[in-house]
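A short write-up of the structure that comes next.
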C-alpha cells in the first residue's frame, strides 16, 4: 500500500535525523543528568539475604457510563527470599478485592468526583483508603470531566490509593531492615490526595529501613531531542560498545526537594542478558540519597536475581506473578456484572441505568463489527 | 493426610487432577477423595475411589518457550534463564476415572456391629478442588470376604506399581466358578502362576471340585518345583493322574475304551456327521464294545445291515486307529481280529474301567484332580477332558435341585481354550462340544470353566460375555485387548493402555461379583507357598518318653 510505504519512509527519515539528546523533563522539579557512557554499571549476582515484596494492582469497569463508573479493584502482593516464595507471617491477606463507585457531581459550578468503596470481604476494610480522600475537584485533577477518559482516570484512583496503603501494611507487618519493596510502576503520584498515602508508605519504609522501589513496564520519558529515553540509553550501549550482560544506567534524574508529587531517583536497568528491553527503575529519593552507589547497585542486583524467568526474561518474576494475580480478567467480570445488573433490576433501576450503559457500549459494539 | 494432588476439573469419566510436585502419580494407581459434604456427620465416612487412566505434562508457559529454553541449554548458550518456581509453572495432570462411591457407617449406637458399607456406582462428582490421597487398607475393608473358606484368593491389591500386601483380594468361590472365569494373557505374563495360586487357595476352601487338564505338568509340582503337592491338605483334597506309568507320584491315567461313548467325540476330533452317525450305529449294535468293532472292521454285508457307508466305515476305522491308538490284527489264533493298544491311555481288557468314575467321585467330593496331559496329544487331552466333563455334566443334570444344592461346584481348567471354545471349534464338523455346552448352560448345574487363553478374540462373543469373571493379565495385542474390554463386566473402555502396560503378575479382575475392576498383583507361587508354610501353626514337639527307673 502506497500510503503505508510513504509513512514508513517519513518515520525512517525522522528517526535517523534525531540525535540521542539528554533526559528531558518538562517541569523544573527534576535534576537530570546528560547521557554519558560512564553511567553504565555492571550488575552482578547479589548473593543477598534480603526479602523482596512485589506489589501490583488492577481494576476493570463493571458498569460503565459517562457520569459514573463501577469498578472491580484488586491488589496483590507476594514476598520472596533467596529466590523462593516466602510464607507470610502476619496473616495479612495477599489479595484484596473491592468494588468502587465513582460518580461526578456539579456543586457551585464546579465538577466534583466522589468514590464510594466496598470491600468484597469485610476483613479487607482496613487496607482500603479513606473515602474522603477520594472526593476531589475535576479542575484540580486536571481531567476533562464528562468524558470516558476522565472517568476512567478518576475511577482508578481508589485502586492506586489502596496499592500504597497495602504497601505500607506490607512494610509494617512483613518486612525487616534491609528488605526491598518493589511496586509495579513509577513512584510518582497521579492524583490530588495520593501524596498522603505515598508519604505514609515512604515514612514507614524509612522507619523500618525497607528500601522502597518502583519498576515501570512502560516509560514515556524522552530526551530533549524527543527520542525515547529507554531507546536512547539502549542505543548508547551499542554506540559505547558496552559489553555488560546486565547493567544499571545511573543516574538519569532525581526529583528536587520541592517536588511533592515525585520523590525518587530515576535510573534505567537491564536486568537480564536476554531481556528484550531495559526498564525505568526508581528508588525513593530520601533513601537513595543516603546510599552509596555500591548499595544502589546491590539493590538492582537483588532485583536482577529475580529476573531470570524465561516467560518474560529481564522482568522480575514477582511482578510477573503479581500482574497475573492482580489482573481482573474479563471472565470474572461477567459474574459481578450479572449480579449487579440483577440487583439493579430487582430494585427497579435497570431501566435508568441501561440507557447509560448503552451509550458507552456502542463503541464496543462497533469495534466488534 | 498425604496429599498427592487436587481435583481441578473434568467429569466422572475424566476427573482432572493436578499432581503435587514429586508425588509421581502412576497409571492405574488408586486414589481416595473424601467427601467434605458428609464430613459433618462423623459416623458416616463418605469417599470415592479413583483410578488414574492417563498422565500428561502441563505448563503455564507456552510450548515455544520450552523449546527455546531447551535449545539454549542443548546448544550450550548458558542462558541464565529458567523457571522461577518451576513447580508452579510446569506440572503433571492426571486423568482419573471414578470407580466407586463408598459410604462407611460407624454408628456409635451400634457398637457391637461391624462398620456397614454401602458401595455405589459413582453418580456424582467429588467436591471440586478436593485433595486426593493414596489408597489405604482401611479404605478397602468392604472388599474383605465374610468367609475366607468360601473364597478364592487372587492376589494382593495393586495401586499402580505398588502392591498393597496387606489388602488381599478374594472372589466368591461358588459364584465365580459357576459363572466361569476367563484368564486372558500373552505368554510370560503369569497365567500359570495365577492359576497355581488360585488352586492353592481352593485347596483351603470347601465346596469346589476342580478338574485341571495340565498340558505342561506344572501344577502338581515335583522334587525341583513347588506345586500343589506341597499343600498341607494334599492327601485329602488332591489327586494326580498321569498316563506315564513311571510317574510315581501319580495314579495311572488309563481309560478303558468300554467307557467311551460316541457323544464324547462331539465337537472333538474332527469327525464328520456321517462318521458320528456311524459311531452311533456301532454303539447301538455293539454297546460298550463298539470301538473294538469299529477297529476290527466289518464286511460289506454287515455294514449294509448297519446302514453305514463302506467308505465312511473305513475312514472312521482309520481315525479311531490314529486318534485312540487302537487297531486290530488278525492271525490264526484270532481269525476275527484282536485289538492292540498303542498307548497306555486308551486300553481294553478289564483295566481302567473305574478311572473315569474315580475321577468323577473325587470331583464330587470337592477335590482337585490334576491330569498330567503333557505327554498327550491335543486331541487326547481334550478328549479325556470331554469324557470326564460329559459324565459329570450328565450326572449333575440328573440330580434334583435339592441334591444339586448339596453338591460341590465343579470347574474345569482348560488351557488354550480356543481349541474347544473358538469359533472354528464350535462351528466346524457340526458343532458344539461339551466345553461349549458347559460355557452356555453349565451355570444351571453348578459346573463352570476356568478358561485360559492368549486369543480371546476367536472365542464367540456370547461365550466371552458368559465368562462373568475375567482376570486380565498383560496383553500387547490391541485386537485381544479390545475383545476383552468389550466383554468385561465393568466399563474398561479407558483401560486399554493400562492393560497393555501390565507387568508380569499384574492383573485386573473384572467380575460381576466385584464392585469395580480391581487391580491385583499375584505373588510368585514359590514365595507365596514359602510364606504360607511359614505362617502355619507349628505342631507342638513331642517330648521324649520319660523312663521310670526303679
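Chains as they are written, first to last, in our numbering: chain A, 1 to 369; chain B, 1001 to 1550. Cβ coordinates follow ideal geometry from the N, Cα and C atoms, glycine included. The model shown is predicted, which means the values in this text are computed figures rather than measured ones.
Looking only at B:1136, B:1175, B:1046, the smallest Cα-Cα distance to residue 1165 of chain B is reached by B:1136. Residue 212 of chain A is a Cβ neighbour of residue 181 of chain A, given a cutoff of 9 angstroms.
Of the residues assessed, residue 68 of chain A falls on the buried side of the cut-off, its CB having 16 or more other CB atoms within 10 angstroms. Contact between residue 1254 of chain B and residue 1345 of chain B is confirmed by a C-beta separation of about 6 angstroms, below the 8 angstroms threshold. Bridge pairing for residue 64 of chain A: A:69 [DSSP]. Around residue 1201 of chain B, the same chain offers 1152, 1153 as residues with beta carbons nearer than 7 angstroms, after the five sequence neighbours per side are excluded.
Restricting attention to A:264, A:64, A:169, A:302, the CA atom closest to the CA of residue 288 of chain A is found in A:264.
In the DSSP assignment, residue 1248 of chain B falls outside any beta strand (DSSP E), carrying neither H nor E. Across the structure, residue 40 of chain A and residue 1083 of chain B are spaced so that their CA atoms are roughly 28 angstroms apart. In the displayed model, residue 192 of chain A falls within coil according to three-state DSSP, outside both helix and strand. The count of Cβ pairs closer than 8 angstroms, one atom from the region 1406 to 1417 of chain B and one from the region 1446 to 1463 of chain B, reaches three, so the stretches are in contact. Within the region 182 to 250 of chain A, the complete alpha helix (DSSP H) runs of at least 4 residues fall at 194 to 208, 229 to 239. Chain order gives the chain B residues near residue 274 of chain A as 1072, 1079, 1080, 1081, where near means a beta carbon separation below 9 angstroms. Nearest to residue 241 of chain A by C-alpha distance, out of A:38, A:5, A:23, A:11, is A:38. The beta-carbon distance between residue 251 of chain A and residue 30 of chain A, rounded to whole angstroms, is 11 angstroms. This is too long to meet the 8 angstroms contact definition. The beta carbons of residue 1174 of chain B and residue 1150 of chain B sit about 7 angstroms from each other, so the pair counts as a contact at 8 angstroms. Proximity of residue 83 of chain A to chain B, defined by a Cβ-Cβ separation below 9 angstroms, is satisfied. Residues 1220, 1240, 1241, 1242, 1244, 1372 of the same chain have their beta carbon placed closer than 8 angstroms to that of residue 1250 of chain B, with the five preceding and five following residues left out of the count.
Around residue 184 of chain A, no beta-carbon contact reaches into chain B at under 8 angstroms, the shortest distance being about 16 angstroms. Here the C-alpha atom of residue 1522 of chain B lies approximately 30 angstroms from the C-alpha atom of residue 1384 of chain B.
In the DSSP assignment, residue 1386 of chain B falls within the unbroken alpha helix (DSSP H) covering 1378 to 1398. Comparing alpha-carbon positions, the option among A:281, A:220, A:145 lying closest to residue 183 of chain A turns out to be A:281. Listed along the chain, the chain A residues whose CB falls inside 9 angstroms of the CB of residue 1069 of chain B are 310. Here the alpha carbons of residue 1286 of chain B and residue 1322 of chain B stand approximately 21 angstroms from one another.
Nearest Cα to residue 226 of chain A within the set A:100, A:255, A:24: A:24. Scanning chain B for C-beta atoms nearer than 8 angstroms to the C-beta of residue 306 of chain A yields 1084, reported in chain order. Taking 9 angstroms as the cut-off, the beta carbon of residue 1096 of chain B is found no closer than this to the beta carbon of residue 1194 of chain B. Per the DSSP secondary-structure output, residue 137 of chain A pairs in a beta bridge with A:112. Checking the DSSP bridge columns, you'll see residue 1101 of chain B partnered with B:1048, B:1120. When the beta-carbon positions are compared, residue 1480 of chain B and residue 1457 of chain B come within less than 9 angstroms of each other.
Assigned with DSSP and collapsed to three states, residue 284 of chain A falls in strand.
With the rule of 3 Cβ pairs closer than 8 angstroms, the region 163 to 171 of chain A counts as touching the region 200 to 215 of chain A. Across the region 1014 to 1040 of chain B, no CB contact with chain A closer than 9 angstroms is found for any residue.
For residue 1061 of chain B, the nearest CB of chain A lies under 9 angstroms from its own CB, placing it at the interface with that chain. With a threshold of 16 other beta carbon atoms within 10 Å, residue 1178 of chain B meets it and is buried. Bridge partners of residue 1018 of chain B according to DSSP: B:1006, B:1093.
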